[in-house]
Amino acid sequence: MRDLLRDLHVKAGGPTADNLKEHSDRSGHSVARSTLAGVVRGHGGLRWVTVEAFVDACVSYAKARRQPLPPEAIDKRGWREGYDKAYASGPRKKSVAPAPPTAPAPRRGTGHPPEPPARAVPRYEIGVGVPGWRGSFQRAWNELTADGLWIGDPATPVHEEGPGVIQVFESHQSLFG
Numbered sequence: 030m031r032d033l034l035r036d037l038h039v040k041a042g043g044p045t046a047d048n049l050k051e052h053s054d055r056s057g058h059s060v061a062r063s064t065l066a067g068v069v070r071g072h073g074g075l076r077w078v079t080v081e082a083f084v085d086a087c088v089s090y091a092k093a094r095r096q097p098l099p100p101e102a103i104d105k106r107g108w109r110e111g112y113d114k115a116y117a118s119g120p121r122k123k124s125v126a127p128a129p130p131t132a133p134a135p136r137r138g139t140g141h142p143p144e145p146p147a148r149a150v151p152r153y154e155i156g157v158g159v160p161g162w163r164g165s166f167q168r169a170w171n172e173l174t175a176d177g178l179w180i181g182d183p184a185t186p187v188h189e190e191g192p193g194v195i196q197v198f199e200s201h202q203s204l205f206g
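Residue numbering for the sequence shown follows my numbering, beginning at 30 and increasing consecutively.
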């Protein structure tokens, strides 16, 4: 495919990278100058949008210079068929392993987050607060325990850290699910 594109580039009069970008933009494409220049200089696979922009740029440049091109050079359907033969002829190999399956996201309005996998439940959790946190934290703690929810026990004393405080709890149920 690149050899055919290089041949088109020569037949069109050898437009510079700036010429390719200018004529590609005129043809309604939005492809970087370096990408267009890489078609001639590079090797490896190409995306169809790049091939299409390059062909349109070369054809437009040749027309502007009154440089005649053979009919097959301006036949976009022929370029697409050549591209499909060169790049889309078989299943593409994946360069990375597929992601492991994940739990489905909760549906809106159910009010319940999905159950976290057992391996994700932490053994210890850290409570963090700012000065004056004890009152609001104590109220929340009282509400949870009044509802019969026992989260865990403090595993360390409260440590002052900068303007805030930190305390580690032994986790019996994750607050952060």
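Each residue gets a CB set at the ideal place from its N, CA and C atoms; glycine is no exception.
Any contact of the stretch 83-95 with the stretch 35-55, i.e. 3+ C-beta pairs under 8 angstroms?
yes
Once the 5 residues before and after Ala66 are set aside, which same chain residues still bring their CB inside 8 angstroms of it?
Working through the sequence shown from its first residue, we reach residue 66 at position 37. Hits under 8 angstroms: Ala46 and Leu49.
Determine, using beta carbons only, whether Pro100 and Lys40 come nearer to each other than 9 angstroms.
Residue numbering aside, residue 100 sits at position 71 when the sequence shown is read from its first letter. Residue numbering aside, residue 40 sits at position 11 when the sequence shown is read from its first letter. Taking 9 angstroms as the Cβ cut-off, Pro100 and Lys40 do not qualify as a contacting pair.
Residue interval of the alpha helix (DSSP H) (run including His58):
Working through the sequence shown from its first residue, we reach residue 58 at position 29. Segment: none, His58 is in no alpha helix (DSSP H) and carries neither H nor E.
What do you reckon, are the CB atoms on Gln60 and His38 nearer than 9 angstroms?
On the sequence shown, residue 60 is found 31 positions in, with the first residue counted as 1. On the sequence shown, residue 38 is found 9 positions in, with the first residue counted as 1. The identity of residue 60 in the sequence shown is Val, whereas the question assumes Gln. The answer is no: Cβ separation not under 9 angstroms.
Based on Cα-Cα distance, which residue from Ser63, Ala91, Arg106 and Pro97 lies nearest to Thr79?
Within the sequence shown, numbered from 1, the residue matching residue 79 stands at position 50. Nearest option by C-alpha distance: Ser63.
Over what stretch of residues does the alpha helix (DSSP H) that includes Pro18 continue unbroken?
Nothing can be reported for residue 18, as the shown portion of the chain is limited to 30 through 206.
For Glu77, tell me which candidate among Gly111, Lys92, Arg35 and Asp36 has the shortest Cα-Cα distance.
On the sequence shown, residue 77 is found 48 positions in, with the first residue counted as 1. Per the sequence shown, residue 77 should be read as Trp rather than Glu. The shortest Cα separation from Trp77 among Gly111, Lys92, Arg35 and Asp36 belongs to Gly111.
Quick check: Ala82 and Ser56, are their CB atoms within less than 9 angstroms of each other?
Here residue 82 refers to the residue found at position 53 when the sequence shown is read from its first residue. Here residue 56 refers to the residue found at position 27 when the sequence shown is read from its first residue. Closer than 9 angstroms, so yes.
According to the neighbour-count rule (16 or more other Cβ atoms, all chains shown, within 10 Å of its Cβ), is Pro44 buried or exposed?
Within the sequence shown, numbered from 1, the residue matching residue 44 stands at position 15. Result: buried.
Endpoints, alpha helix (DSSP H) assigned at His38:
For the purposes of this step, residue 38 is taken as residue 9 along the sequence shown, with counting starting at 1. First-last of the alpha helix (DSSP H) with His38: Arg31 to Lys40.
Leaving out the 5 sequence neighbours to the left and right, which residues in its chain are closer than 7 angstroms to Arg94 when beta-carbon positions are compared?
Sequence index remark: in the sequence shown, residue 94 carries index 65 (1-based). Excluding positions up to five away in sequence, the list reads Gly42.
In the structure shown, what three-state DSSP assignment does Gly111 receive?
Position 82 of the sequence shown, counted from the first residue, corresponds to residue 111. Three-state DSSP puts Gly111 in a helix.
Since Thr45 is in the alpha helix (DSSP H), which residue starts that stretch and which ends it?
Reading the sequence shown from its first residue, position 16 is the one you call residue 45. No alpha helix (DSSP H) holds Thr45; DSSP gives it neither H nor E.
Drop a sphere of 10 angstroms on the beta-carbon of His72, count the other beta-carbons inside from all chains shown, and report buried for 16 or more, exposed for fewer.
As a working note, residue 72 is residue 43 in the sequence shown. Answer is exposed; the Cβ neighbour count stays below 16.
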